[in-house]
Amino acid sequence: MLPDEPTWHARAAVGRRGPAAVWVRGRRFTIGVPLSFDIDEPDPTALEHVLGAIAADAAGGFAERARRRRLDVESVEAAVEAKLDNPLTYLAVVGEERNPALKSVRVRVYITTSADQAAIEEVWRDTLARSPLVSTFARSLDLELTYKTML
Amino acid sequence: MTEPIRVGAVLYDPKVSVIWDIIREFFEWNGCPMDCVFYTNYDLQNDALLGGHIDIAWNSPLAWLDAVRRSGGGCRAIAMRDTDRDRASHIVVRADGPVKSIADLKGRTIAVGAEDSPQATLIPIGFLQRHGLEPGRDFTVRRFDVLVGKHGDHVGGERDALACLDRGEADACAMLDLNYEAWRADGTLPPERFHTLATTDRFDHCVFTVRDDFDREREKEWLRVLFSMSYDDPAHRKMMDMEGLKAWKEGRVTGFGPLSDAVTRQEFWKAAGR
């Protein structure tokens, strides 16, 4: 344990209508409703922010570690697909059981690189092992991360 | 503030909640507050309707008959979609298959939807019964029980029945005319491979159901708002397209004869333990 353990803060506020305003370190962004089944929902939902964060963590984490190793990586893109245990529970459907938790998350990372495959594999493993989000979600749900390299 | 009118709906897919969100907001904006209560099956919804927990139930045709049966005729049908009226089911066969007439179905297998699907199981089987063919005796029923309790709202059972016919594991299958038309249009049901053997009598589908004692003034106000929805208004069109209608119509009870006949012939309530 560090003597002054780092702590992160976020704050969200919602009025009668509209998305949540979220502040972190003095910066502001907005998040919509917790979950939506409407393709026309105007703001990204809280769930989508989580999935986006996982994707950014995987792609950004890999890119950052590859850069430190001076590997030639042109771009990294992560695609995420997730399922809930029972989305109907979120809607308070009478008679539905189980819960609305994330059941599975599949992350596919596409790496455009000319670097040696063994080096890429090493950075990939390092990325997963040191990612706060990947480490957290891997404990609680069926989380699968795979990658594919492209020239 | 006026007490909200509580409307029940069965959800077979979470996306359906979007339709009800739009309807609820529309009623709120028009000064007729409404709460939506979702149920996982029609039995629970009718329990709530007859128990006074909800005022209006968006019922399948089978749930309508069940509500009438359980209440001793103490329910009213107050509104329905234009597309709920005069539906039919088709019995479809392979174009290159041996079945050319209803009589040819004797000794063969018919793929149907869920056990409680009016359009894909009960009414088509009832139709064959009226033509002298009894399930189990004259033909084998191959049932696809997708989401039992939701009365065939989910298209999966009908789709599985068609796939069964396509694989040659059945000699005929049953489907709602709307699905038939959609599958003809998208190439799922090419006319050179599948023919319509027979079409059932016309029947009505879903209906908003209330108990007899539901306050007439509140009902009148709710219907006023419902009937004011217009397909010409882009704000309403999205919901109406999703729900598959162009206009709301008054409820009627004249279109439930084929289903009523089918559940009687098949002793459906007894078989279902009710």
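Just so you know, the sequences run in chain order Y and P.
Be aware that the first sequence starts at 121, since it is given in my numbering, and climbs by one per residue.
Be aware that the second sequence starts at 50, since it is given in my numbering, and climbs by one per residue.
All C-beta atoms in this analysis are idealised placements derived from N, C-alpha and C, irrespective of residue type, glycine included.
This one's a predicted model, so the numbers in the text were calculated from it and none came from an experiment.
Problem set entry | residue 267 of chain Y - DSSP class collapsed to helix/strand/coil | Within the first sequence, residue 267 of chain Y is the residue found at index 147, counting from 1. Residue 267 of chain Y: strand per DSSP, three-state reduction.
Exercise. When the Cα of residue 300 of chain P is compared with those of P:72, P:272, P:119 and P:323, which residue comes out closest?
Worked result: Position 251 of the second sequence, counted from the start, is the residue given in the question as residue 300 of chain P. Ranking P:72, P:272, P:119 and P:323 by Cα distance to residue 300 of chain P puts P:272 first.
Problem set entry | Chain-order list of residues whose beta-carbon lies under 7 Å from that of residue 144 of chain P (same chain, five-residue window excluded) | As a first step, residue 144 of chain P is located in the second sequence; it is residue number 95 there, counting from the start. Closer than 7 Å at the Cβ level, and outside the excluded window around residue 144 of chain P, lie 241, 242, 243 and 244.
Problem set entry | Partner residues on chain P for residue 207 of chain Y, Cβ-Cβ distance less than 7 Å | Translated into the one-based positions of the first sequence, residue 207 of chain Y becomes position 87. Within 7 Å Cβ-Cβ: 63.
Problem set entry | Nearest to residue 136 of chain P (by Cα), restricted to the options P:276, P:197, P:289 and P:169 | As a position in the second sequence, residue 136 of chain P is number 87, starting the count at 1. When each option's Cα is compared against that of residue 136 of chain P, the closest is P:169.
For this session: Note down, in chain order, each residue of its chain lying with its Cβ closer than 8 Å to the Cβ of residue 216 of chain Y, except the 5 sequence neighbours on either side.
Result: Within the first sequence, numbered from 1, the residue matching residue 216 of chain Y stands at position 96. Correct list, in chain order: 206, 208 and 209.
Exercise. What residues from the region 201 to 234 of chain Y come within 8 Å of chain P, judged by C-beta to C-beta, listed N to C?
Worked result: 207, 208, 210, 211, 212, 213, 214, 215 and 216
Exercise. Around the C-beta of residue 270 of chain Y, are 16 or more other C-beta atoms found within 10 angstroms, so that it is buried, or is it exposed?
Worked result: One-based indexing of the first sequence puts residue 270 of chain Y at position 150. Residue environment analysis places residue 270 of chain Y among the exposed positions, since fewer than 16 neighbouring C-beta atoms fall within 10 angstroms of its C-beta.
For this session: Flag this pair as yes or no: are the beta carbons of residue 220 of chain P and residue 148 of chain P separated by less than 8 Å?
Result: As a working mapping, residue 220 of chain P is identified with position 171 in the second sequence. As a working mapping, residue 148 of chain P is identified with position 99 in the second sequence. For residue 220 of chain P and residue 148 of chain P, yes; Cβs fall inside 8 Å.
For this session: May I ask you to report which of helix, strand or coil DSSP gives residue 61 of chain P?
Result: Looking up residue 61 of chain P in the second sequence gives position 12. Residue state, collapsed to three classes: coil.
Exercise. Using 8 Å as the limit for Cβ to Cβ distance, is residue 263 of chain P near chain Y?
Worked result: Taking the first residue of the second sequence as position 1, residue 263 of chain P is located at position 214. No - not a single Cβ of chain Y is within 8 Å of the one on residue 263 of chain P.
Exercise. Got a sec, what are the start and stop residues for the alpha helix (DSSP H) residue 257 of chain Y sits in?
Worked result: Within the first sequence, numbered from 1, the residue matching residue 257 of chain Y stands at position 137. It spans 252 to 260 - the alpha helix (DSSP H) in which residue 257 of chain Y sits, taken as one unbroken run.
Exercise. To the nearest whole angstrom, what separates the beta carbons of residue 251 of chain Y and residue 178 of chain Y, a pair I think is in contact under 8 Å?
Worked result: Within the first sequence, the letter at position 131 stands for residue 251 of chain Y. Within the first sequence, the letter at position 58 stands for residue 178 of chain Y. The Cβ separation is near 7 Å, so the contact holds.
Exercise. So residue 58 of chain P packs on residue 275 of chain P, CB below 8 Å; how close in whole Å?
Worked result: Along the second sequence, one-based indexing puts residue 58 of chain P at 9. Along the second sequence, one-based indexing puts residue 275 of chain P at 226. In fact, because the Cβ distance is near 14 Å, the residues do not count as touching under 8 Å.
For this session: Mind checking the region 148 to 163 of chain Y against chain P and listing, in chain order, the residues whose C-beta falls within less than 7 Å of any C-beta there?
Result: Those residues of the region 148 to 163 of chain Y that come within reach of chain P (Cβ to Cβ, closer than 7 Å) are 157 and 158.
Exercise. Out of curiosity, what's the CA-to-CA distance linking residue 131 of chain Y and residue 154 of chain Y?
Worked result: Within the first sequence, the letter at position 11 stands for residue 131 of chain Y. Within the first sequence, the letter at position 34 stands for residue 154 of chain Y. Distance between the alpha carbons of residue 131 of chain Y and residue 154 of chain Y: 15 Å.
Exercise. Counting Cβ pairs closer than 8 Å, one from the region 174 to 187 of chain P and one from the region 107 to 125 of chain P, do we hit at least three?
Worked result: no
Exercise. For the ligand SAM, is there a heavy atom less than 7 Å away from the beta-carbon of residue 242 of chain Y?
Worked result: Looking at this structure, you won't find the ligand SAM or any other ligand, since it has none at all.
For this session: Give a yes or no on whether 8 Å exceeds the smallest Cβ distance from residue 67 of chain P to chain Y.
Result: Looking up residue 67 of chain P in the second sequence gives position 18. For residue 67 of chain P, the nearest beta carbon of chain Y is closer than 8 Å to its own beta carbon.
Exercise. Any Cβ of chain Y within less than 8 Å of the Cβ of residue 258 of chain P?
Worked result: For this step, residue 258 of chain P is matched to residue 209 along the second sequence. Judged by the 8 Å Cβ criterion, residue 258 of chain P is not in contact with chain Y.
Exercise. Should residue 225 of chain Y and residue 151 of chain Y be called a contact, given that it needs their Cβ atoms to be closer than 8 Å?
Worked result: Against the first sequence, residue 225 of chain Y aligns to sequence position 105. Against the first sequence, residue 151 of chain Y aligns to sequence position 31. The beta carbons of residue 225 of chain Y and residue 151 of chain Y sit no closer together than 8 Å.
Exercise. Taking Cβ positions only, does residue 79 of chain P come closer than 8 Å to chain Y?
Worked result: In the second sequence, the residue the question calls residue 79 of chain P occupies position 30. False, the Cβ-Cβ gap to chain Y never drops below 8 Å.
Exercise. How is residue 243 of chain Y classed by DSSP in three states: helix, strand or coil?
Worked result: In the first sequence, the residue the question calls residue 243 of chain Y occupies position 123. In the three-state DSSP reduction, residue 243 of chain Y falls in the helix class (H, G or I).
Exercise. Anyone know if the C-beta pair for residue 265 of chain P and residue 120 of chain P falls short of 8 Å?
Worked result: On the second sequence, position 216 is the one that residue 265 of chain P refers to. On the second sequence, position 71 is the one that residue 120 of chain P refers to. No, Cβ-Cβ distance for residue 265 of chain P and residue 120 of chain P is not below 8 Å.
Problem set entry | Buried versus exposed, by CB contacts within 10 Å (16 or more), residue 166 of chain P | Position 117 of the second sequence, counting from 1, holds the residue named residue 166 of chain P. Burial call: buried.
Problem set entry | Contacts of residue 86 of chain P in chain Y (Cβ-Cβ under 7 Å) | For the purposes of this step, residue 86 of chain P is taken as residue 37 along the second sequence, with counting starting at 1. In chain order: 214.
Exercise. Curious, which full-length beta strand (DSSP E) runs of at least 3 residues does the region 224 to 251 of chain P contain?
Worked result: 243 to 248
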